[in-house]
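Asks: Here you go, one structure.
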Amino acid sequence: MSTNRLSSEPRFIKNILIRFFSGLVIVLLITTIALIKTLITSSNDPEFLTVTIESCYDGDTCTTTQGEKIRLACIDTPELRGMKADPIAAKAAKDYLNTLIAGSTVTMRRITEDRYGRTVAELLKDQINIQEQLVEKGFARIYEKYASQCKWSKV
Numbered sequence: 245m246s247t248n249r250l251s252s253e254p255r256f257i258k259n260i261l262i263r264f265f266s267g268l269v270i271v272l273l274i275t276t277i278a279l280i281k282t283l284i285t286s287s288n289d290p291e292f293l294t295v296t297i298e299s300c301y302d303g304d305t306c307t308t309t310q311g312e313k314i315r316l317a318c319i320d321t322p323e324l325r326g327m328k329a330d331p332i333a334a335k336a337a338k339d340y341l342n343t344l345i346a347g348s349t350v351t352m353r354r355i356t357e358d359r360y361g362r363t364v365a366e367l368l369k370d371q372i373n374i375q376e377q378l379v380e381k382g383f384a385r386i387y388e389k390y391a392s393q394c395k396w397s398k399v
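Under the numbering used here, the first residue of the sequence shown carries the number 245, and numbering increases by one thereafter.
What follows is the structure in structure tokens.
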């Protein structure tokens, strides 16, 4: 009986090793597929991020839920205060922008940082360019000085 038992132990160990390495190969395959899928579906441009907008405090400046201040690129909206203030039009632009994106997750294309430390960026929601929509609806105008930063606004 001891001979029979000795001959079955190597077979038993062999089966365990085969199962172990088969499982390992399957885990590695699944991990590799997941990694490839992530690399394919993620943006190739590091400037594109997904952010959630907390609120917009005027027609061209918003804050993310992470506290980042974003100046919408390539547009200018009426000012709420100051020498050139147009409070009625400014409030309409602010309200429209808040209705459009406050509390929403959007895609942000970083362009630069302005002199006030805000991120200058384009925002897209459901593949729609927010700045372009503000201009089309009459709440903003193309900021000619910076129009070259956005493909859609080049004259």
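Using N, Cα and C, we set each Cβ at its ideal position, and we do this for glycine too. If you're wondering where the values come from, they're calculated on a predicted model, not measured in any experiment.
Taking the alpha-carbon of Ile332 as reference, which of Gly303, Val364, Thr349 and Leu279 has the nearest alpha-carbon?
Replies: Indexing the sequence shown from 1 puts residue 332 at position 88. Of the listed residues, the one whose Cα sits closest to Ile332 is Gly303.
Asks: Got a sec, what are the start and stop residues for the beta strand (DSSP E) Thr308 sits in?
Replies: Taking the sequence shown and counting its residues from 1, one reaches residue 308 at position 64. Run containing Thr308: Thr305 to Thr308, per the beta strand (DSSP E) assignment.
Asks: Return yes when the Cβ of Leu293 is within less than 8 Å of the Cβ of Met352, no when it is not.
Replies: The residue given as residue 352 occupies position 108 in the sequence shown. The residue given as residue 293 occupies position 49 in the sequence shown. In this structure, Leu293 lies closer than 8 Å to Met352 by Cβ.
Asks: Is the beta carbon of Val210 less than 8 Å from the beta carbon of Ile319?
Replies: The requested residue 210 does not occur in the structure, where the chain is confined to residues 245 to 399.
Asks: Compute the distance between the beta-carbons of Thr363 and Lys395, then report whether it is under 8 Å.
Replies: Here residue 363 refers to the residue found at position 119 when the sequence shown is read from its first residue. Here residue 395 refers to the residue found at position 151 when the sequence shown is read from its first residue. In this structure, Lys395 does not lie closer than 8 Å to Thr363 by Cβ.
Asks: Ordered along the chain, which non-local residues of its own chain (more than five positions away) have a Cβ less than 6 Å from that of Asp330?
Replies: Along the sequence shown, one-based indexing puts residue 330 at 86. Closer than 6 Å at Cβ, skipping near neighbours: Pro322.
Asks: Out of Ala365, Ser348 and Val350, which one is the CA nearest neighbour of Thr356?
Replies: Position 112 of the sequence shown, counted from the start, is the residue given in the question as residue 356. Closest by alpha carbon: Ala365.
Asks: CB Arg385 to CB Glu291, shorter than 8 Å?
Replies: Position 141 of the sequence shown, counted from the start, is the residue given in the question as residue 385. Position 47 of the sequence shown, counted from the start, is the residue given in the question as residue 291. Against a cut-off of 8 Å, the Cβ pair of Glu291 and Arg385 comes out as no contact.
Asks: Where does Arg263 sit, in a helix, a strand or coil, going by DSSP?
Replies: On the sequence shown, residue 263 is found 19 positions in, with the first residue counted as 1. Helix at Arg263.
Asks: In the structure shown, what three-state DSSP assignment does Leu324 receive?
Replies: Here residue 324 refers to the residue found at position 80 of the sequence shown. It is coil, neither helix nor strand.
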